[in-house]
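In terms of the numbering used here, the sequence shown is residues 15 to 125. For reference, the structure is listed below as structure tokens.
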Amino acid sequence: MSNSIDLSNILKEYLKKDLEYFYIRGAITPKIIEAFINSRGNYEKITLLAEDGTKFFLNSSLLNKAKLSGIEFKVLNKINLLFVTINPHSPLGVDFDKEEFKTRLQKEISV
Numbered sequence: 015m016s017n018s019i020d021l022s023n024i025l026k027e028y029l030k031k032d033l034e035y036f037y038i039r040g041a042i043t044p045k046i047i048e049a050f051i052n053s054r055g056n057y058e059k060i061t062l063l064a065e066d067g068t069k070f071f072l073n074s075s076l077l078n079k080a081k082l083s084g085i086e087f088k089v090l091n092k093i094n095l096l097f098v099t100i101n102p103h104s105p106l107g108v109d110f111d112k113e114e115f116k117t118r119l120q121k122e123i124s125v
């Protein structure tokens, strides 16, 4: 596949207005998500299914773009998160106050 436009053309064969779910075996990459976005006219709303959350490779910008295009993301097997570790030291040499970092993280997640 040379680009997401080629993939979009292939997807058009499978995407129908009444199709609700599309299971992808393997990684769901930005290229695949862009192909679904480019094929927007072929579906009303679609849910991309993957085995688990480790299969999704996208940033927040692409996630928002996909959601605006009627794409949702779901997994067949959820991942049980046992704990979260924090490192207030950035690889770029920036240090954060560790207590503030911890407090802000606790407000955002419920682990």
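We put the beta carbon where it would ideally sit given N, CA and C, even for glycine.
Item                                                                                                          : Value
Of the residues Ser104, Asp109, Ile100 and Pro105, the one placed nearest Thr117, counting alpha carbons only : Ile100
Length of the line joining the Cα atoms of Leu21 and Asp66                                                    : 23 Å
Buried or exposed by the 16-neighbour rule on C-beta atoms within 10 Å, applied to Glu114                     : exposed
DSSP state of Asp126 mapped onto helix, strand, coil                                                          : Nothing about residue 126 can be reported from this structure: the residues present for the chain run from 15 to 125 only.
Ile38 in three-state terms, based on DSSP                                                                     : coil
Check whether Ser50 and Ser83 have beta carbons under 9 Å apart                                               : Note on residue identity: the sequence assigns Phe, not Ser, to residue 50. Going by C-beta atoms, Phe50 is nearer than 9 Å to Ser83.
Integer-rounded CB distance, given that Phe71 should sit under 8 Å from Phe87                                 : 11 Å between Cβ atoms; not a contact.
Anticipated Cβ contact below 8 Å, Ser53 with Leu29, distance rounded                                          : 6 Å
Three-state class that DSSP yields for Ile123 in the structure shown                                          : coil
Where Lys59 falls: helix, strand or coil (DSSP)                                                               : coil
Identified DSSP bridge partners for Phe70                                                                     : Ile42
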